[in-house]
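Chains as they are written, first to last, in this note's numbering: chain A, 1 to 366; chain B, 1001 to 1366.
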């Protein structure tokens, strides 16, 4: 331990390490500068939803997702509320259902209720993925079911593809619209062995994000039938998302999409490799044990102070950042690990040695 | 007339002219590239409303507007609905009042009603600015009055500052909150001979835009008391505007703010000069006759085809673009003129000659 180890935060230690197991590097202004470097600056801005850049990218994403139309949004929070609002208006029932740990439940300030007067039914157990039985058990009439694939808050777990098909069939029979929260859709294509379009074919509307695995600045796409997307544009306007120029997000989304879309299989394999190394350490388990995408959660069965100290020391001794933060669970702690471009740069021998050290460190700590 | 004049559109002729009386140049991707050129790319992105760039700029704008706090928004459509929602919630009356040609009435897809269930009372005559008498005549209880200064859809006209003070006093007495649609606030400071903060002191909340006179890419500020801005942040989140990174708009807003804030007096003088030249042409009048900001409307008492042909010929013969479009009023037509950086580059002798030609052209056309 060197002298500054007590004042150094875990975030500092992570930032100062030469190598990092997660991410694509810092979210700084170079992310934008790099994306705009090759761009011809005399190209016109999009103009309130019209213009070459936005229309071309919307069509490209509609094609990738196998839907007739797509609309670019500044955020998924906006895109998903709007999809659910449209289905509620069409079905005449202001109620939808989703997993208890859905983004809409945890991270949107109760927007669906406050802005759209839509009630939500939380289905199934928060600690596992949604199953057909959960959907069958819904007692209330609902307009739409939102499925999040993968389920981020439980480590990015997935139901089997057959389960998703069964849910989709059931919803179709019952006249329930099915919406995909596909913030991390591209990241699950290797595990399912399906294209994005094959997965999306089970859903009426689909949202994808450009700052998760793709690593862009911000931005989202909502895709579906043309008439639904026409309505979504009106609601985007009402939400204040129909900006005079969305090109900062569109240009960067397209740039990083093209740079990383071919790497999802690699990230998935690396996630499995790293999870196995971490899971093998004493007092550590990963969730899921074997990842099904580029992400997983890491639970450490030690108080947060003990784990912080160990991971700071690891970062300094082995020059590898494992995480920048830990969530305190009162006696144990956890963090989320998302594989990006940085993992491939970590020297494998050094990582193995660091893991051996961590295993012993955590085993010997009472 | 040269050969291509029949296929050439007015927009083409405007774009091809070396000189233009309006605007700051094309809205293309160089607007972003120029703003980011001097920026240190290793600076961190803002993160869901936090971070150096967004917090510093919000404080800077709060100071400029003389308010305790300010929140950066992707759009004015979002910022203004939220201000009105907060005042309605606090006063317990879901009704607001504004001019019949307000942006909320014309350009927001009825969002206030559809998203926030707020009714609007349209006050006064659409062809003139709001007066104290219009406000006194409101029969319904309202939570908030929105004043747009200048009133864009009628050429950017303004009530006297004394009228605005009288309205503000009346609202305060009646417990009605006063919100400023200040999309073009900086542009009216020279005419009123007041600072932005002096004007804003009459209002409870204030919205300003960064892509009108300032010429940025997009973005808005809402300013007011700290507790109101705290609530505005929650609503911004619900609207889907609390992006993980808003820096593309913040960096560019700050860059163009600093570049153009000192030029508002110059734009105002140039607007008066150009309006006088145009108003002197036969069959043309400007609204207002003498501008009170950098903008005014130009009405041509000829069918749109005749005016289009004349302005295309003028652009080609004198190399000066007057407008890129005309609005057809069935026998007459009009366009909006907004002075920016481009006006100062127009050779005055050439402009005078072009105006003399236009006067004769329109006089001789039946």
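Think of the CB as a built atom: it goes at the ideal place given N, C-alpha and C, for glycine as much as any other residue.
Reduced DSSP secondary structure (H/G/I, E/B, other) of residue i
| i | result |
| --- | --- |
| residue 1040 of chain B | coil |
| residue 1287 of chain B | strand |
| residue 376 of chain A | Because chain A in this structure spans residues 1 to 366, residue 376 of chain A falls outside the shown range and cannot be described. |
| residue 1076 of chain B | helix |
| residue 30 of chain A | helix |
| residue 304 of chain A | helix |
| residue 352 of chain A | helix |
| residue 2 of chain A | Here residue 2 of chain A scores only 47 on pLDDT, less than 50, and its place in the model should not be relied on; the value that follows carries that caveat. Three-state DSSP puts residue 2 of chain A in coil, outside helix and strand. |
| residue 317 of chain A | helix |
| residue 136 of chain A | helix |
| residue 1189 of chain B | helix |
| residue 1194 of chain B | coil |
| residue 1243 of chain B | coil |
| residue 346 of chain A | coil |
| residue 115 of chain A | helix |
| residue 1216 of chain B | coil |
| residue 1311 of chain B | helix |
Residues bridged to residue i (per DSSP)
| i | result |
| --- | --- |
| residue 1223 of chain B | B/1070 and B/1206 |
| residue 1337 of chain B | B/1296 |
| residue 1121 of chain B | B/1097 |
| residue 281 of chain A | Its beta-bridge partners do not exist; DSSP assigns none. |
| residue 148 of chain A | A/181 |
| residue 1250 of chain B | DSSP lists no partner for residue 1250 of chain B. |
| residue 1047 of chain B | B/1050 |
| residue 1327 of chain B | B/1334 |
| residue 19 of chain A | A/320 |
| residue 157 of chain A | A/151 |
Outcome for residue i when other beta-carbon atoms lying within 10 angstroms are tallied against a minimum of 16
| i | result |
| --- | --- |
| residue 315 of chain A | buried |
| residue 1058 of chain B | buried |
| residue 1155 of chain B | buried |
| residue 1302 of chain B | buried |
| residue 46 of chain A | buried |
| residue 212 of chain A | buried |
| residue 1122 of chain B | exposed |
| residue 157 of chain A | buried |
| residue 1153 of chain B | buried |
| residue 312 of chain A | buried |
| residue 1294 of chain B | buried |
| residue 1354 of chain B | buried |
| residue 1024 of chain B | buried |
| residue 22 of chain A | buried |
| residue 1363 of chain B | exposed |
| residue 81 of chain A | buried |
| residue 196 of chain A | buried |
| residue 1001 of chain B | Bear in mind that a pLDDT of 42 at residue 1001 of chain B, under 50, signals an unreliable position, so the model cannot answer this. |
| residue 256 of chain A | buried |
| residue 1344 of chain B | exposed |
Identity of the residue in the options nearest residue i by Cα
| i | options | result |
| --- | --- | --- |
| residue 44 of chain A | B/1122, B/1110, B/1015 and B/1239 | B/1015 |
| residue 275 of chain A | A/7, A/220, A/113 and A/335 | A/335 |
| residue 231 of chain A | A/79, A/54 and A/36 | A/79 |
| residue 271 of chain A | A/137, A/298 and A/338 | A/338 |
| residue 1331 of chain B | B/1300, B/1360 and B/1345 | B/1300 |
| residue 1087 of chain B | B/1321, B/1241 and B/1176 | B/1176 |
| residue 36 of chain A | A/216, A/263 and A/66 | A/216 |
| residue 1244 of chain B | A/83, A/127 and A/77 | A/77 |
| residue 247 of chain A | A/194, A/56 and A/192 | A/56 |
| residue 180 of chain A | A/126, A/151 and A/23 | A/151 |
| residue 73 of chain A | A/261, A/319 and A/249 | A/249 |
| residue 98 of chain A | A/137, A/65 and A/222 | A/137 |
| residue 1342 of chain B | B/1320, B/1333 and B/1363 | B/1320 |
| residue 1207 of chain B | B/1083, B/1164 and B/1283 | B/1083 |
| residue 281 of chain A | A/351, A/69, A/172 and A/237 | A/351 |
| residue 308 of chain A | A/291, A/327 and A/290 | A/327 |
| residue 241 of chain A | A/227, A/218 and A/252 | A/218 |
For this session: Could you list the residues in the stretch 1187-1212 of chain B with a C-beta less than 8 angstroms from some C-beta on chain A, going in chain order?
Result: 1211
Problem set entry | Residues in the stretch 3-26 of chain A having any Cβ partner in chain B nearer than 9 angstroms | 26
Problem set entry | Near-chain A residues of the stretch 1035-1055 of chain B (beta-carbon distance less than 8 angstroms), N- to C-terminal order | Within the stretch 1035-1055 of chain B, the residues whose Cβ lies closer than 8 angstroms to some Cβ of chain A are 1036, 1039, 1040, 1041, 1042, 1043, 1044, 1045 and 1047, listed in chain order.
For this session: Compile a chain-ordered list of the residues in the stretch 1229-1243 of chain B whose CB is closer than 7 angstroms to at least one CB of chain A.
Result: 1234, 1237, 1238, 1239, 1240, 1241 and 1243
Exercise. When you check each C-beta in the stretch 65-93 of chain A against every C-beta of chain B, which residues fall closer than 9 angstroms?
Worked result: If the cut-off is 9 angstroms between Cβ atoms, the stretch 65-93 of chain A has 73, 74, 75, 76, 77, 78, 79, 80, 81 and 82 near chain B.
Exercise. Looking at chain B, which residues of the stretch 258-269 of chain A have a Cβ within less than 9 angstroms of any of its Cβ atoms?
Worked result: Answer in chain order: no residues at all.
For this session: Select from the stretch 243-255 of chain A all residues with a C-beta closer than 9 angstroms to any C-beta belonging to chain B, and list them in chain order.
Result: 243, 244, 245, 246, 247, 248, 249, 251 and 252
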